[in-house]
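Trainee:
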Amino acid sequence: MNAQTALTLQFAPAVPIPDYLVGEIRSKLAYVDELILSAEVSPEQITLHLSHPGAEGGLSAERRSEIEEKVQRVVLSMAKGAIKPKIQILEDHLERPVPYQADPMAELIARDEISQEAQGVFSLGPLLSQLIDYFEGQFIALADSFGAQPYRFPILIPARYLERVNYFRAFPHSLSFVTHLREDLQAIDQFSQQAACDEHGLQAPPDSFAQIQHLLSPAVCYHLYFALADKPLPGGQVIATAVGTCFRYESSNLVSLERLWNFTMREVIFVGSKDFVLENREIARLRMAQVFERLGLAYRVESANDPFFIGEFRKQVAFQSAFQLKFEIRARLPFAGSTLAVGSYNYHQDFFGRNLNITLPDGSPTHTGCVAFGLERIAYAFLAQFGFDPSDWPTEVRDYLQEHKP
Ligand code: AMP
Ligand code: ZN
503 MNAQTALTLQ FAPAVPIPDY LVGEIRSKLA YVDELILSAE VSPEQITLHL SHPGAEGGLS
563 AERRSEIEEK VQRVVLSMAK GAIKPKIQIL EDHLERPVPY QADPMAELIA RDEISQEAQG
623 VFSLGPLLSQ LIDYFEGQFI ALADSFGAQP YRFPILIPAR YLERVNYFRA FPHSLSFVTH
683 LREDLQAIDQ FSQQAACDEH GLQAPPDSFA QIQHLLSPAV CYHLYFALAD KPLPGGQVIA
743 TAVGTCFRYE SSNLVSLERL WNFTMREVIF VGSKDFVLEN REIARLRMAQ VFERLGLAYR
803 VESANDPFFI GEFRKQVAFQ SAFQLKFEIR ARLPFAGSTL AVGSYNYHQD FFGRNLNITL
863 PDGSPTHTGC VAFGLERIAY AFLAQFGFDP SDWPTEVRDY LQEHKP
């Protein structure tokens, strides 16, 4: 039997899965067991597609029940007693007519516009790069309209920083770790002689690597909060902007340009009093609504929650919904009949101010918020709605690409 022969496991969830949790639970099942290749989830049924390591006669009954038991644990902790969050819609332009209906991936591949290095890791060609530059221009104009200070942040983030903001508990599944060889002549010699890649990845002596002290950064604004930590906030308020590469490991959910392991985010970040942060978040939303209207983008802005890991999920989602902490800009993907988050408007209350000891002039913890745009996603959603023929594009996008032709 082939080592990758697919195997299907089907059973009913321990409690019915409400419609609004179907997608969330399906994406979490990718992390439940290494044998799970993909999962289909409906309120009454779960189907797992498994690989198995080539043993004759397939998977043992023991192993099957172990996987089912882990899946049921996820279902119970996320769906049992879950309360449907009220979705609040702030802008609804989902039905704006757009000229393109096809899946842009096929065309992007045909034009050599993307080259996949690994699952969720892509190089982008000139068209996508220029579209990203165009959208970057819009986001930088937004930042400028606030007089935001520019920053450049590292891609590495110290483990102890993430620990301080509870990241290991909230999003352990998406972490990406960094290490290096131990400073030890023998370890380095052995590595240089033995390191080799096989189909599973890099094989090296297990004691080659130093203790993990850094990770790849999952967000941009955290770096600003760490730079401001443990002191009074200068002038009582800060508005900053930065673009950065971010990393979120999304396992088998990494498909097409929709979901990447490494992606780029532009953020405008507000730090100050509660009113300062909330008012500016709202001003940013209204300014971006004008940009999207000019372009004729089909999208909606609606309340959302972060993809917390299973243990934290119910509590945190209820919390984010109750306090309207996150709104997503969801662009229509006409070919899929679905939407994709291309950006978000976030308010963290005084979470970072409290945990990182950033204080306002009256000594109370500062509040923070950010507006974040996913650059690969906005370019991808644009192509999904407007296609590849520039005569179908909004004039200002067409003009920008014409003027910036290499
Ligand atoms: P978030 O901080 O989760 O609201 O992320 C901000 C934006 O970054 C999202 O609205 C997406 O556009 C983008 N983004 C987040 N995760 C990914 C990913 N795995 N792949 C591509 N873009 C992403
Ligand atoms: Zn942020």
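Heads up: the sequence shown begins at 503 in the numbering used here, then just goes up one per residue. Note that the Cβ used here is the ideal one computed from N, Cα and C, for glycine as well. Since the model is a prediction, treat every value here as computed from it, not as a measurement.
1) Based on Cα-Cα distance, which residue from Ala698, Leu531, Leu539, Thr868 lies nearest to Phe778?
2) Tell me the DSSP bridge mates of Lys828?
3) Taking Gly746 as the reference, give the member of Arg768, Leu762, Asn755, Leu735 with the closest Cα.
4) To the nearest angstrom, how far is the alpha carbon of Asp901 from that of Pro892?
5) Roughly how many whole angstroms lie between the Cα atoms of Leu539 and Arg598?
6) Within 10 Å of its beta-carbon, does Cys748 have 16 or more other beta-carbons around it, so buried, or fewer, so exposed?
7) Express the C-alpha separation of Leu862 and Gly737 in angstroms, rounding to a whole number.
8) Ligand 2: which residues have Cβ under 7 Å from any of its heavy atoms, chain order?
9) Considering Cα atoms alone, identify which of Gln688, Gln822, Ala661 is closest to Ser808.
10) For Met607, collect the residues of the same chain with a Cβ closer than 6 Å to its Cβ; drop the 5 residues on either side in sequence, then sort them by chain order.
11) How is the alpha helix (DSSP H) around Asp646 delimited, first residue to last?
12) What are the partner residues of Met767, as DSSP defines its beta bridges?
13) Is it the case that the stretch 642 to 653 contacts the stretch 876 to 896, given that we only count it when at least three CB pairs across the two stretches are under 8 Å?
14) Count the other C-beta atoms from every protein chain shown that fall within 10 angstroms of the C-beta of Asn755, then say buried if there are 16 or more, exposed otherwise.
15) Using only the alpha-carbon positions, how far apart do Pro908 and Thr870 sit?
16) If Ala874 sits next to Gly845, beta carbons under 8 Å apart, how far is it from one beta carbon to the other, in whole angstroms?
17) Ile812 to Gln904, Cα distance in whole Å?
18) Using the Cα positions of Leu578 and Ser805, report the straight-line distance between them to the nearest angstrom.
19) Given this structure, state the Cα-to-Cα distance separating Phe825 from Ala516, to the nearest angstrom.
20) Quick one: measure Cβ to Cβ for His595 and Tyr801, integer angstroms, because I've assumed they're closer than 8 Å.
21) List the residues that DSSP assigns as beta-bridge partners of Arg834.
22) Using C-beta distances below 8 Å, list every residue in its chain close to Asp732, excluding the 5 sequence neighbours before and after it, in chain order.
23) Could you tell me which of Arg879, Glu685, Val819, Glu795 sits nearest to Glu638, measuring between CA atoms?
24) Assuming Ser753 contacts Ala541 (C-beta within less than 8 Å), just tell me the rounded distance between them.
25) Using the Cα positions of Leu644 and Met790, report the straight-line distance between them to the nearest angstrom.
26) Indicate, with yes or no, if ligand 1 has a heavy atom lying under 7 Å from the CB of Glu830.
27) Use the C-beta contact count for Tyr522: other C-beta atoms within 10 angstroms, 16 or more gives buried, fewer gives exposed.
28) Per DSSP, Arg802 forms a beta bridge with which residues?
29) Name the residue from Leu658, Met580, Ala672 whose alpha carbon lies nearest to the alpha carbon of Asn764.
30) How about Val844: is its Cβ closer than 7 Å to a heavy atom in ligand 1?
31) Just curious, the beta strand (DSSP E) that Ser617 is in, first and last residue?
32) So, are the CB atoms of Tyr663 and Leu726 less than 8 Å apart?
33) So, using beta-carbon positions, are Val793 and Gln640 closer together than 8 Å?
34) Below 8 Å on the Cβ atoms is my contact criterion, and I expect Leu633 with Phe884 to pass it. Report the Cβ-Cβ distance as a whole number of Å.
35) Name, in chain order, the residues that DSSP records as bridge partners for Gly774.
36) Identify the continuous alpha helix (DSSP H) that holds Glu665 and give its terminal residues.
Mentor: Result, derived from the coordinates:
1) Nearest C-alpha to Phe778 among Ala698, Leu531, Leu539, Thr868: Thr868.
2) Residue pairing by DSSP places Lys828 opposite Asn848 in a beta bridge.
3) Nearest C-alpha to Gly746: Arg768.
4) Between the C-alpha atoms of Asp901 and Pro892 there is a straight-line separation of about 9 Å.
5) Each residue's alpha carbon lies about 36 Å from the other.
6) So Cys748 counts as buried.
7) Cα to Cα, the separation comes out at about 9 Å.
8) Listed by chain position, these are Ala721, Val722, Cys723, Glu769, Ile771, Asn848, Cys872, Ala874.
9) Here the sequence assigns Asp to residue 808, which means Ser is not the residue at that position. Selected option, being the one with the closest Cα: Gln822.
10) Ser758, listed in sequence order.
11) For Asp646, the enclosing alpha helix (DSSP H) has its first and last residue at 628 to 647.
12) Note: Met767 sits in a beta bridge opposite Gly746, Gly876.
13) Verdict: no, contact absent.
14) The C-beta of Asn755 has 16 or more other C-beta atoms within 10 Å across all chains shown, which makes the residue buried.
15) The straight-line gap separating the alpha-carbon atoms of Pro908 and Thr870 is approximately 40 Å.
16) Confirmed, Cβ separation roughly 6 Å.
17) In this model, Ile812 and Gln904 are separated by some 47 Å (Cα to Cα).
18) Taking the straight line from one Cα to the other gives about 24 Å.
19) Between the alpha carbons of Phe825 and Ala516 lies a distance of about 30 Å.
20) That belief holds up - the Cβ atoms of His595 and Tyr801 are roughly 6 Å apart, short of 8 Å.
21) Its beta-bridge partners are Thr841.
22) Result list for Asp732: Leu858, Asn859, Ile860, in chain order.
23) Looking from the CA of Glu638, the closest CA among Arg879, Glu685, Val819, Glu795 belongs to Arg879.
24) 11 Å between Cβ atoms; not a contact.
25) Distance from the CA atom of Leu644 to the CA atom of Met790, rounded to whole angstroms, is 8 Å.
26) The beta carbon of Glu830 sits closer than 7 Å to at least one heavy atom of ligand 1.
27) Answer is exposed; the Cβ neighbour count stays below 16.
28) Per DSSP, Asp594, Arg832.
29) The shortest C-alpha separation from Asn764 is found at Leu658.
30) With a cutoff of 7 Å, Val844 counts as near ligand 1, since its C-beta is closer than that to a heavy atom of the ligand.
31) Note, Ser617: beta strand (DSSP E), 616 to 620.
32) Result no, Cβ atoms of Tyr663 and Leu726 do not sit closer than 8 Å.
33) Less than 8 Å separates the beta-carbon of Val793 from that of Gln640.
34) Between Leu633 and Phe884, the beta carbon gap of about 6 Å places them in contact (Cβ cut-off 8 Å).
35) His869.
36) Unbroken alpha helix (DSSP H) run through Glu665: 661 to 666.
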